[in-house]
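A short write-up of the structure that comes next.
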C-alpha cells in the first residue's frame with residue numbers, strides 16, 4: 001500500500017493509550033498528534049497489525065496531494081498484448 005504523505009519525514013514517534021470504552025476500543029491521542037477540531041469521524045485502514053486513522057473521506061486526498069510515484073515505477077512490467085474478442 002502506497003501512502004506518500006501520511007507518515008512524517010522526520011523520525012518522531014508519539015505514543016497514545018488504548019483502552020475500553022463500553023464495549024469498544026478507544027485510543028487516546030497526545031496533544032502533539034491530535035486530530036484537528038473539525039474532524040469528528042475517521043476512516044480506519046488496517047495494514048497488518050497497524051491501524052491508520054485518516055479524516056473520513058480524505059484518504060484519497062493524501063494520494064493525489066502527495067509525491068508522485070518515481071519514474072521507474074512499473075518500468076519492467078510485462079503487459080500482454082490486447083485481446084481480440086467476439087462481439088455479443
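In full-length UniProt numbering, the protein residues as written are 1 to 88.
Even for Gly, the Cβ is constructed at its ideal location relative to N, Cα and C.
- For the set 87, 55, 86, the Cα lying nearest the Cα of residue 36 is the one of 55.
- For residue 51, the enclosing beta strand (DSSP E) begins and ends at 50 to 55.
- Residue range 42 to 47 is occupied by the beta strand (DSSP E) that includes residue 46.
- Pairing residue 42 with residue 82, the inter-Cα distance amounts to about 41 Å.
- The straight-line gap separating the alpha-carbon atoms of residue 46 and residue 53 is approximately 9 Å.
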